[in-house]
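S.K.:
Residue numbers (our numbering), protein chains in the order written: chain A, 1 to 333; chain B, 334 to 666.
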């Protein structure tokens with residue numbers, strides 16, 4: 001980082017769709033009868049959300065949103081974190097604001113007044129712990145370039161953007177404006193590819209983005225293979241190594257691979273009783289960025305990331321109820 | 334049951350305060366700094382609820398309410414269940430209605446329009462799994478005798494009332510009206526004492542109620558000792574044996590004791606990893622009543638009750654996400 005830039009006030013600024021999750025367990029037959037693609041995130045409108053909710057089993061509600069989960073978990077790990085995303089001025093918006101603020105995250109985005117309600121993600125968890133998501137974007141479609149405060153972007157060591165942000169059209173301009181502001185301030189830009197179907201919807205834009213604007217890339221196996229349109233994880237990983245300065249690629253139970261220049265670090269997955277995989281990737285990115293911005297080694301970043309992911313996988317909901325600082329205190333530098 | 338009464342359409346009709354829970358983990362110091370009595374339920378007003386919520390860590394929301402939890406869990410176990418309680422016409426009211434209806438419970442009570450919001454219970458879970466509750470009754474105070482449909486009461490084999498229903502004043506008249514209607518139809522009346530402090534608030538009324546109007550009594554050790562103002566569980570249990578036809582008294586890890594006339598059945602607690610004890614007593618009553626109304630033995634009732642309680646104790650939230658029918662399928666008749 002050039003010495004002409006002031007010291008960052010935040011370790012991470014995350015920007016994403018601000019969403020409240022509704023999680024309910026259901027059998028494989030529920031996915032089949034509602035034509036859902038297992039493990040994926042689909043966008044639905046308000047009417048479809050009402051119909052799906054009516055059909056869903058009893059559930060639990062908690063704050064979600066991919067980058068918001070990452071922000072909350074990174075803050076729980078001790079990182080200094082800010083978040084931008086759009087909720088409505090309604091009960092769920094207040095729940096979202098409470099949860100991210102109580103986690104210690106600075107959340108300056110004003111709520112949307114008189115527009116769509118706070119976004120909801122209806123999540124069906126099958127007995128194997130896989131989550132299948134249906135998102136009603138609601139107030140998120142109102143997030144725009146005007147919501148990006150460049151002074152906050154400039155004050156954060158890493159700008160973290162979720163790929164889902166490409167779904168609401170106005171957010172794309174905010175996405176590029178934030179990335180440009182970060183680089184102008186000498187900061188790094190991180191991107192999570194979010195979902196293989198999301199990559200498919202926006203592949204050309206993502207390819208250009210990754211090659212031209214991203215320093216740190218997070219993706220799972222399906223997402224990185226979708227980005228580079230290959231069936232070979234190894235081939236995709238080598239393409240990512242060429243495109244970005246640092247890539248952290250997750251492979252579920254097979255752990256993760258971290259690539260930085262010629263260096264490759266392989267990290268084992270933390271053992272976990274699989275209850276609900278919602279937010280596992282978000283928590284991985286949180287642990288990784290909290291450790292990275294604290295100056296830890298890549299191996300330590302991978303270990304903290306894996307422990308955070310395991311804590312989320314062992315419970316319902318995307319934000320760990322466990323004491324993450326205690327769980328990760330023993331990770332060697 | 335006299336043969337002149339028609340066969341019941343419901344196994345259980347539960348009546349109680351309709352509440353949405355907000356559950357968050359916190360340390361013992363949080364209880365001390367907010368002057369909370371660990372394990373108890375305190376009533377708070379809207380302003381206190383806002384202040385406490387602002388101070389609470391990030392949480393998870395799920396439908397609660399003691400008798401509503403019992404209704405939902407009994408229905409998950411296959412019982413035919415109805416529930417009466419008052420929510421508002423707001424987002425949390427819709428969540429409550431969704432969850433209890435999706436569990437298979439008939440919920441005829443219309444929402445309150447233009448009044449107080451849906452009730453909330455702010456629940457702090459300490460590392461030992463104990464829950465400490467602060468309830469803002471909201472729309473529950475509008476539940477009254479006019480909300481009790483005597484035809485539904487008459488159609489249920491067991492009327493189940495939560496002791497908490499004595500806190501909102503108008504509900505007390507509903508309580509007695511429902512009990513009278515149940516007995517007039519040849520049905521049984523069950524009561525849960527809910528909380529030792531609640532018993533303390535209404536001891537004289539509860540003593541009269543138990544002796545004169547209740548056939549089946551549920552209580553934990555602290556509650557039954559508070560009711561009879563004794564430090565001896567054994568002494569309290571004998572007084573309960575004299576007062577009611579059937580009593581199921583729970584003792585946490587020490588299991589439970591079922592008393593019916595001269596008969597005493599001792600039931601071991603089901604082993605569980607303690608995460609959050611919210612709803613353990615509600616689930617116990619649900620398992621007991623589902624088995625009882627299915628004609629099972631008292632020992633089987635106690636076993637099903639203990640398994641249902643253990644399923645709730647092992648997760649955050651008062652309603653089990655696990656498949657309870659599968660968990661209890663092996664219990665012998």
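For glycine and all other residues, C-beta sits at the position ideal for the given N, C-alpha and C.
Since the model is a prediction, treat every value here as computed from it, not as a measurement.
1) Please state whether DSSP places residue 157(A) in a helix, a strand or coil.
2) Taking a Cβ distance cut-off of 9 angstroms, strictly less, list which residues of the stretch 411-431 of chain B are near chain A, in chain order.
3) Quick one: what's residue 328(A) bridged to in DSSP?
4) Can you tell me the Cβ-Cβ gap for residue 646(B) and residue 462(B), rounded? I've got them flagged as a contact below 8 angstroms.
5) Does any CB atom of chain B fall closer than 8 angstroms to the CB of residue 28(A)?
6) Per DSSP, which one or two residues make a beta bridge with residue 334(A)?
7) Quick check: the stretch 227-245 of chain A against the stretch 288-307 of chain A, are at least 3 beta-carbon pairs closer than 8 angstroms?
8) Run through DSSP, which three-state label would residue 592(B) get?
9) Between which two residues does the beta strand (DSSP E) holding residue 23(A) run?
10) In three-state terms, what does DSSP make of residue 625(B)?
11) Give the straight-line distance between the Cα atoms of residue 540(B) and residue 561(B), rounded to the nearest whole angstrom.
12) Assuming residue 631(B) contacts residue 593(B) under a Cβ cut-off of 8 angstroms, what Cβ separation, rounded to an integer in Å, is found between them?
13) Rounded to whole angstroms, what is the Cα-Cα separation between residue 41(A) and residue 599(B)?
14) When the Cα of residue 545(B) is compared with those of 563(B), 516(B), 534(B), which residue comes out closest?
15) Relative to the C-alpha of residue 595(B), which candidate in 580(B), 379(B), 558(B), 532(B) has its C-alpha closest?
16) Under 6 angstroms Cβ to Cβ from residue 126(A), same chain only, skipping five residues before and after it: list those, please.
17) Output the boundary residues of the alpha helix (DSSP H) element that contains residue 531(B).
18) Secondary structure at residue 151(A), three-state DSSP: helix, strand or coil?
19) Throw me the rounded Cβ distance for the residue 440(B) and residue 453(B) pair, which I believe falls under 8 angstroms.
20) Would residue 622(B) and residue 345(B) qualify as a contact pair, given that the criterion is a beta-carbon distance under 8 angstroms?
21) For the alpha helix (DSSP H) that contains residue 646(B), what are its first and last residues?
22) Please state if the CB of residue 415(B) and the CB of residue 343(B) are separated by a distance shorter than 8 angstroms.
23) Where does residue 456(B) sit, in a helix, a strand or coil, going by DSSP?
24) Quick check: the stretch 196-207 of chain A against the stretch 148-158 of chain A, are there 3 or more CB pairs under 8 angstroms?
25) If you run the structure through DSSP and keep just helix, strand and coil, what is residue 8(A)?
26) Is residue 334(B) close to chain A, meaning its C-beta is less than 8 angstroms from at least one C-beta of that chain?
27) Taking all protein chains shown into account, decide if residue 25(A) is buried (16 or more other Cβ within 10 angstroms of its Cβ) or exposed.
28) If distances are taken between C-alpha atoms only, which option among 490(B), 660(B), 597(B), 589(B) comes closest to residue 339(B)?
29) Can you pull the chain A residues whose beta carbon is under 7 angstroms from the beta carbon of residue 358(B), in chain order?
30) Assign residue 110(A) to buried or exposed, taking buried as 16 or more other Cβ atoms, counted over all protein chains shown, within 10 Å of its Cβ.
31) Could you pull out every residue in the same chain whose Cβ sits closer than 7 angstroms to the Cβ of residue 586(B), ignoring the five residues on either side in sequence?
32) Are residue 456(B) and residue 353(B) touching if we call contact CB-CB under 8 angstroms?
33) At a Cβ cut of 9 angstroms, what residues of the stretch 198-216 of chain A count as close to chain B, listed as they run along the chain?
34) Which partner residues of residue 521(B) appear in the DSSP bridge assignment?
35) With residue 135(A) as the anchor, note down where its alpha helix (DSSP H) starts and where it stops.
36) Going along the stretch 390-404 of chain B in order, which residues come within less than 8 angstroms of chain A, judged by CB to CB distance?
M.R.: On the basis of the supplied data:
1) strand
2) 423, 424, 425, 427, 428, 431
3) DSSP lists no partner for residue 328(A).
4) 7 angstroms
5) no
6) Given that chain A is displayed from residue 1 to residue 333, the structure contains no residue 334(A) and the question cannot be resolved.
7) no
8) strand
9) 19-25
10) helix
11) 8 angstroms
12) 6 angstroms
13) 49 angstroms
14) 516(B)
15) 580(B)
16) 28
17) 529-534
18) helix
19) Not confirmed; about 19 angstroms, so no contact.
20) yes
21) 631-646
22) yes
23) strand
24) no
25) coil
26) In this prediction, residue 334(B) has a pLDDT of 47, which is less than 50 and means its spatial position is unreliable; nothing more can be read from the coordinates.
27) buried
28) 490(B)
29) 321
30) exposed
31) 602
32) no
33) none
34) 491(B)
35) Not the alpha helix (DSSP H): residue 135(A) falls in the beta strand (DSSP E), residues 131-136.
36) 390, 391, 392, 393, 394, 395, 396
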